[in-house]
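Residue numbers (this note's numbering): 9 to 221.
Structure record follows, encoded as structure tokens.
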Amino acid sequence: MLIAPSILAADFSKLGNEIRDITEAGADWIHLDVMDGAFVPNLTFGAPVVQAVRGYTDLPFDVHLMIHQPHRYISDFCKAGADIISFHVEAEDNVAGTLDAIAAGGAKPALAVKPGTPVETVFPYLDKLYMVLVMTVEPGFGGQSYMGDMMSKVVALKEKAPKLLVQIDGGVNLETIVPSAKAGVDICVAGTSVFRAPSPKQMIQDLKKAASR
């Protein structure tokens, strides 16, 4: 199990140091949630912030675009240092073209699905995908409760494309990571549970241990 702490739960007044600390604590990826205040009811940051903090870690930058018509900004995020870019199948008219633009920009393409979206929506694009992100909360805010019934999507994805990476985002903690691992999840995004822990390093170790049960 890879752990990708979400900087949405970090202290933005010292974001670079937070990323450096979480790297030293044993994170595998850094997850960056980009929200436009329209596709989801929250507003975070854009490509300039991604670029500004890129130098604080060598870990892969896992950029999750929760924005309308993301194709408009793919080049910006690739240039800013994104290694993996996921966008929502619900937010883009030209899904295939956007996936191609991500690959052409040097990043790995991924699709994300909201809880209410059938996972079969991504099946036509599996040959272009590095990863699928299954949301286990409604996208927009951190600290929500994990939706365990989303594991059926993970199982369906693994049956359809066994080598495809599957990521989940939302409500991941020491309890919920256990059924996630059993369903076949490869990467867990963890924000609040890691950044707000007394010891983020210990929490990352404990999450990985729990996932291996």
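In this text, a Cβ means the ideal position worked out from N, Cα and C, and glycines have one as well.
Because the structure is a prediction, the values reported are computed rather than measured.
Give me the Cα-Cα distance between residue i and residue j, rounded to the nearest whole angstrom.
{"i": "V163", "j": "N102", "result": "27 Å"}
{"i": "H76", "j": "T106", "result": "12 Å"}
{"i": "S220", "j": "P56", "result": "37 Å"}
{"i": "Q175", "j": "E98", "result": "17 Å"}
{"i": "A35", "j": "P170", "result": "25 Å"}
{"i": "A12", "j": "A115", "result": "17 Å"}
{"i": "G54", "j": "G89", "result": "12 Å"}
{"i": "T184", "j": "Y64", "result": "30 Å"}
{"i": "Y133", "j": "F95", "result": "13 Å"}
{"i": "T52", "j": "A46", "result": "11 Å"}
{"i": "Q213", "j": "P117", "result": "28 Å"}
Just checking my contact of residue i with residue j at CB under 8 Å: how many whole Å lie between their CB atoms?
{"i": "S201", "j": "V180", "result": "6 Å"}
{"i": "I152", "j": "G124", "result": "The residue asked about is misnamed: residue 152 is Gln in this sequence, not Ile. Not a contact, Cβ separation roughly 14 Å."}
When you compare each of the options to residue i by their alpha carbons, which one comes out closest?
{"i": "K87", "options": "P126, S94 and I110", "result": "I110"}
{"i": "R62", "options": "E26, P78, I195 and T184", "result": "E26"}
{"i": "S14", "options": "F149, K168 and M159", "result": "F149"}
{"i": "H79", "options": "A104, V58, V127 and E128", "result": "A104"}
{"i": "P49", "options": "P206, G24, E146 and M9", "result": "E146"}
{"i": "D157", "options": "Y133, L182 and V127", "result": "V127"}
{"i": "M143", "options": "T65, H72, L10 and Y133", "result": "H72"}
{"i": "I195", "options": "G24, L173 and I30", "result": "L173"}
{"i": "Y154", "options": "G199, P68, L165 and P206", "result": "G199"}
{"i": "V121", "options": "A112, D135 and M139", "result": "M139"}
{"i": "D41", "options": "V58, M9, P206 and D29", "result": "V58"}
{"i": "A112", "options": "D29, Q210, R204 and I92", "result": "I92"}
Is it buried or exposed for residue i, if we count other Cβ within 10 angstroms and need 16 for buried?
{"i": "L141", "result": "buried"}
{"i": "L137", "result": "buried"}
{"i": "K217", "result": "exposed"}
{"i": "E167", "result": "exposed"}
{"i": "E32", "result": "exposed"}
{"i": "S188", "result": "buried"}
{"i": "D70", "result": "buried"}
{"i": "P206", "result": "exposed"}
From the DSSP secondary-structure annotation, give me the bridge partner or partners of residue i.
{"i": "A120", "result": "H96 and L141"}
{"i": "A111", "result": "Answer is none; A111 lacks a bridge partner."}
{"i": "I195", "result": "L10 and Q175"}
{"i": "L51", "result": "D44"}
{"i": "L73", "result": "V42 and F95"}
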